[in-house]
Amino acid sequence: MLGLGFHFLLCLGLTALLLLVYNGNLEKDAARTTTGHAYLPTERWKFQNKSFSKRITENKCFLPALNPWDPSILKYLNPQSALNKTCKPTYPVRSYFIKNTLRVNTTMGSNEHCFYRCVISIHDHLLQQGQWIKINETSGNEVNCDVTEVKCKMNETDSYHFAHVNLVEKKRGKIGPNPVANDVYLIILDSVSSNTFRRAFQSTKQYLEQEHSAVFFPYLNRVGVNSRPNNYGFLLNERAEDLPASPWNPFSGEGLDRVICNRSVMEYNYIGKDFQKTGYRTMIDTDWFYSLFESPNCTGFGMIPTDHYIHTYELIVDSDSPEGDKNLSRNIHKGACVEPHHRPIKTLQQFANLYPNEPKFSITSFVMLGHDDTNNVFRGDKDFKRFFEDMSDKIMAFVSENNPFLMVSVPQKLRMNNDFMTQLRENAKKLVTHYDIYATLLEIGKNNHGWTESTLFSTSAFTTTGRKLKGSSLFHPLSEPRDCHSLLIPFQYCICQRKQWEVQNRELALQVGQMMVQRINQDVMNSPYSSVCHQLVLNQESGYRVIQFEPKEDVKEIYLIQIEVVSGAKYQGYAGIKDGHLRLYTTTFPRMNTYAKQAWCIPEQFLRHYCLCQK
Numbered sequence: 156m157l158g159l160g161f162h163f164l165l166c167l168g169l170t171a172l173l174l175l176v177y178n179g180n181l182e183k184d185a186a187r188t189t190t191g192h193a194y195l196p197t198e199r200w201k202f203q204n205k206s207f208s209k210r211i212t213e214n215k216c217f218l219p220a221l222n223p224w225d226p227s228i229l230k231y232l233n234p235q236s237a238l239n240k241t242c243k244p245t246y247p248v249r250s251y252f253i254k255n256t257l258r259v260n261t262t263m264g265s266n267e268h269c270f271y272r273c274v275i276s277i278h279d280h281l282l283q284q285g286q287w288i289k290i291n292e293t294s295g296n297e298v299n300c301d302v303t304e305v306k307c308k309m310n311e312t313d314s315y316h317f318a319h320v321n322l323v324e325k326k327r328g329k330i331g332p333n334p335v336a337n338d339v340y341l342i343i344l345d346s347v348s349s350n351t352f353r354r355a356f357q358s359t360k361q362y363l364e365q366e367h368s369a370v371f372f373p374y375l376n377r378v379g380v381n382s383r384p385n386n387y388g389f390l391l392n393e394r395a396e397d398l399p400a401s402p403w404n405p406f407s408g409e410g411l412d413r414v415i416c417n418r419s420v421m422e423y424n425y426i427g428k429d430f431q432k433t434g435y436r437t438m439i440d441t442d443w444f445y446s447l448f449e450s451p452n453c454t455g456f457g458m459i460p461t462d463h464y465i466h467t468y469e470l471i472v473d474s475d476s477p478e479g480d481k482n483l484s485r486n487i488h489k490g491a492c493v494e495p496h497h498r499p500i501k502t503l504q505q506f507a508n509l510y511p512n513e514p515k516f517s518i519t520s521f522v523m524l525g526h527d528d529t530n531n532v533f534r535g536d537k538d539f540k541r542f543f544e545d546m547s548d549k550i551m552a553f554v555s556e557n558n559p560f561l562m563v564s565v566p567q568k569l570r571m572n573n574d575f576m577t578q579l580r581e582n583a584k585k586l587v588t589h590y591d592i593y594a595t596l597l598e599i600g601k602n603n604h605g606w607t608e609s610t611l612f613s614t615s616a617f618t619t620t621g622r623k624l625k626g627s628s629l630f631h632p633l634s635e636p637r638d639c640h641s642l643l644i645p646f647q648y649c650i651c652q653r654k655q656w657e658v659q660n661r662e663l664a665l666q667v668g669q670m671m672v673q674r675i676n677q678d679v680m681n682s683p684y685s686s687v688c689h690q691l692v693l694n695q696e697s698g699y700r701v702i703q704f705e706p707k708e709d710v711k712e713i714y715l716i717q718i719e720v721v722s723g724a725k726y727q728g729y730a731g732i733k734d735g736h737l738r739l740y741t742t743t744f745p746r747m748n749t750y751a752k753q754a755w756c757i758p759e760q761f762l763r764h765y766c767l768c769q770k
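Each residue of the sequence shown is one higher than the one before, counting from 156 in the numbering used here.
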């Protein structure tokens with residue numbers, strides 16, 4: 156049984172620390188994109204602090220007072236879209252495990268013969284499928300791999316096809332674990348914002364807060380455009396994206412996205428290595444065929460990074476995977492009514508009960524629940540609540556990625572530590588980033604075995620030697636000042652609020668819109684795909700919107716311009732007037748609405764935001 160009393164759960168997730176982080180934005184359209192983020196209309200954020208100066212002369216962060224039930228978005232919500240309420244299984248699951256023994260109910264007669272094979276990961280992009288082995292109808296077969304594919308035949312025709320995850324204990328490594336170290340479970344919900352979590356996971360959030368004293372962080376600010384650059388932040392302590400010039404701050408440095416993409420992340424300070432060095436058992440699991448760092452065409456880990464790497468299951472089951480089997484996927488998901496989040500939850504439960512005398516660190520990423528449709532997130536509430544009811548005394552963290560959400564649950568000894576809980580709740584009121592999560596995880600990995608009910612946290616900050624941290628541990632007083640510039644947040648993702656108002660200025664919208672479209676078209680022309688993508692044309696009649704911000708001393712006018720092109724694509728960019736000249740500050744333009752059907756002709760990469768396929 157998974158007890159939350161002795162573990163950190165970061166939703167994101169830690170050893171019995173639960174941390175959840177989100178990587179997505181709330182934008183104008185209730186639509187889906189090929190990056191998998193579902194967007195709702197921009198929600199109206201009220202300011203917590205209305206003491207705006209006449210002109211902004213310094214960086215300050217006014218955090219929004221979030222309203223998850225803002226009237227402007229209610230028409231887009233459909234909490235009843237729950238597959239597991241209406242799905243009726245049509246494909247009987249006849250294979251199952253009893254401990255490590257695989258059995259199959261052969262109900263098709265004596266002419267049916269069943270086989271299994273192990274599926275083993277070589278690295279992120281390569282798997283190895285073993286030889287088919289006949290299953291003993293009487294005693295079953297002992298299986299010594301985590302991912303198993305089962306197939307039955309009757310008269311040379313497939314009569315059954317399924318796949319399972321059943322974790323098999325690995326031998327203990329050379330490093331002996333600390334006997335009092337806590338488990339750490341990091342749970343990632345992709346494309347689930349702070350407000351979406353509060354709407355869709357009401358039962359789970361309430362349960363964690365009431366029964367496990369979990370703390371909700373509403374102001375986690377993403378540091379990258381989507382999952383991979385944010386994963387660099389809280390798992391590698393690396394900044395993927397540039398810190399571009401903005402109307403409020405100068406250019407502050409280039410990011411390392413291209414460099415890291417082409418190398419193994421194991422060459423960097425991947426946080427899992429810190430737990431492995433202290434004897435932790437480790438697992439990484441996802442519900443998508445891309446792992447944490449490889450989408451769409453990066454190296455990723457380049458090796459097997461954990462004791463249990465369940466990526467191989469999705470490689471064969473996900474129908475979009477190059478190695479995926481569409482019939483197998485249909486049997487599992489539609490035939491057996493198994494939603495994508497069901498299997499990873501079950502696997503995490505099994506991992507939590509494995510290695511009873513050794514500490515465990517896991518990362519479980521749920522992509523499909525909120526990736527294509529925000530309403531799907533409602534489906535997971537009861538399932539996750541049931542899962543956490545079996546957890547006690549762990550560090551857990553729920554994490555998401557774009558104004559993401561973060562929730563942290565800690566072991567009982569820290570819940571009883573008034574100094575710790577007071578500091579944690581105080582930090583939850585502030586702007587935090589994925590870099591702060593990394594620093595927190597690092598501190599847990601190094602120090603959690605020594606913490607007690609009387610350990611002081613509020614009198615000092617966490618520091619470490621040999622590694623320059625970009626963030627601060629959430630368990631101690633946070634570094635100041637806390638604004639987007641000082642915390643290395645690219646300005647286009649910043650959730651700090653500035654005084655703003657909508658204006659009617661068609662001439663400005665078209666002028667900036669032409670600058671944006673020209674930049675987009677130039678990027679396409681400079682790519683290998685100029686011959687297959689149309690040049691975009693600005694819609695000059697409709698689809699534009701102009702938001703004006705309170706000016707800064709040297710920038711007299713600051714605007715956010717939203718535009719639409721003739722093909723229907725929507726974009727936005729920041730512009731300002733300085734010394735009488737109009738300047739476009741934004742250099743890349745993630746599409747605000749769906750683009751999969753228009754950009755199908757080029758491989759998965761950022762240019763799909765721009766491409767309108769010619770055929």
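We treat Cβ as the ideally placed atom computed from N, Cα and C, and that holds for glycine.
{"query": "Continuous beta strand (DSSP E) assignments of at least 3 residues falling wholly in the stretch 698-743", "result": "700-704, 712-719, 725-733, 736-739"}
{"query": "Rounded C-alpha distance that separates Pro402 from Leu611", "result": "41 Å"}
{"query": "Coarse secondary structure for His466, derived from DSSP in three states", "result": "helix"}
{"query": "Collapsed DSSP secondary structure at Arg580 in the structure displayed", "result": "helix"}
{"query": "Among Tyr593, Ser227, Phe406, nearest to Lys428 - alpha-carbon criterion", "result": "Tyr593"}
{"query": "Which listed residue (His764, Ala318, Tyr231) has its alpha carbon closest to that of Phe270", "result": "Ala318"}
{"query": "Sheet register partners of His316 (DSSP bridge)", "result": "Lys306"}
{"query": "Whether His268 touches Lys289 by CB criterion (8 Å)", "result": "yes"}
{"query": "Cutoff 7 Å; reference Arg353; Cβ partners in own chain excluding five residues on either side", "result": "Pro223, Lys360"}
{"query": "Cα-Cα separation, Val248 to Leu665", "result": "58 Å"}
{"query": "Runs of beta strand (DSSP E) wholly within the stretch 641-681 (minimum 3 residues, chain order)", "result": "655-658"}
{"query": "Local Cβ density within 10 Å of Leu694, reported as buried at 16 or more and exposed below that", "result": "In the sequence as displayed, the identity of residue 694 is Asn instead of Leu. So Asn694 counts as buried."}
{"query": "Every unbroken alpha helix (DSSP H) within the stretch 603-643, with a cutoff of 4 residues, ordered by chain", "result": "none"}
{"query": "Gln647 versus Ile330, Asn531, Leu739, Gln431, residue with shortest Cα-Cα distance", "result": "Leu739"}
{"query": "Contact under 8 Å by Cβ, Tyr374 with Val701", "result": "no"}
{"query": "Anticipated Cβ contact below 8 Å, Leu411 with Leu643, distance rounded", "result": "Not really, about 12 Å apart at Cβ, beyond 8 Å."}
{"query": "Classification of Phe406 by the beta-carbon crowding that lies within 10 angstroms, buried from 16 upward", "result": "exposed"}
{"query": "C-alpha gap between Ile757 and Ser685, whole angstroms", "result": "10 Å"}
{"query": "For Gln673, the nearest candidate out of Thr743, Val710, Phe704, Pro477 (CA to CA)", "result": "Thr743"}
{"query": "Host beta strand (DSSP E) of Glu267 (start-end)", "result": "267-278"}
{"query": "Three-state secondary structure (DSSP) of Asn260", "result": "coil"}
{"query": "Cα-Cα separation, Val565 to His367", "result": "8 Å"}
{"query": "Lys506, enclosing alpha helix (DSSP H) - first and last residue", "result": "According to the sequence provided, residue 506 is Phe. The question's Lys does not apply to it. It spans 497-508 - the alpha helix (DSSP H) in which Phe506 sits, taken as one unbroken run."}
{"query": "Three-state class that DSSP yields for Glu449 in the structure shown", "result": "coil"}
{"query": "Inter-residue CB distance, Tyr714 and Leu663 (contact presumed, cutoff 8 Å)", "result": "7 Å"}
{"query": "Sequence-distant residues of its chain with Cβ nearer than 6 Å to Asn321 (five each side left out)", "result": "Phe252"}
{"query": "Nearest neighbour of Thr468, chosen from Ala616, Thr741, Val710, Ile277 [CA to CA]", "result": "The sequence shown places Tyr at residue 468, not Thr. Looking at the Cα atoms, Ile277 is the closest of the given residues."}
{"query": "Contacts around Gln789, its chain only, beta-carbon distance under 8 Å, and the 5 residues preceding and following it disregarded", "result": "Past the edges of the chain, shown from 156 to 770, lies residue 789, and the structure says nothing about it."}
{"query": "Segment contact flag, the stretch 339-350 with the stretch 516-523, C-beta cutoff 8 Å, min 3 pairs", "result": "yes"}
{"query": "Reference Asn531; option with closest CA among Phe506, Glu494, Arg383, Asn582", "result": "Glu494"}
{"query": "For Phe252: DSSP bridge partner residues", "result": "Leu257"}
{"query": "Below-8 Å beta-carbon distance, Asp473 vs any chain D residue", "result": "Looking for chain D here will not work: only one protein chain is present."}
{"query": "Coarse secondary structure for Ala220, derived from DSSP in three states", "result": "strand"}
{"query": "DSSP three-state assignment for Thr437, whether helix, strand or coil", "result": "strand"}
{"query": "Residues near Leu503 in its chain [Cβ-Cβ closer than 6 Å; skip 5 each side]", "result": "Thr519"}
{"query": "Reduced DSSP category for Arg485 - H, G, I as helix; E, B as strand; rest coil", "result": "helix"}
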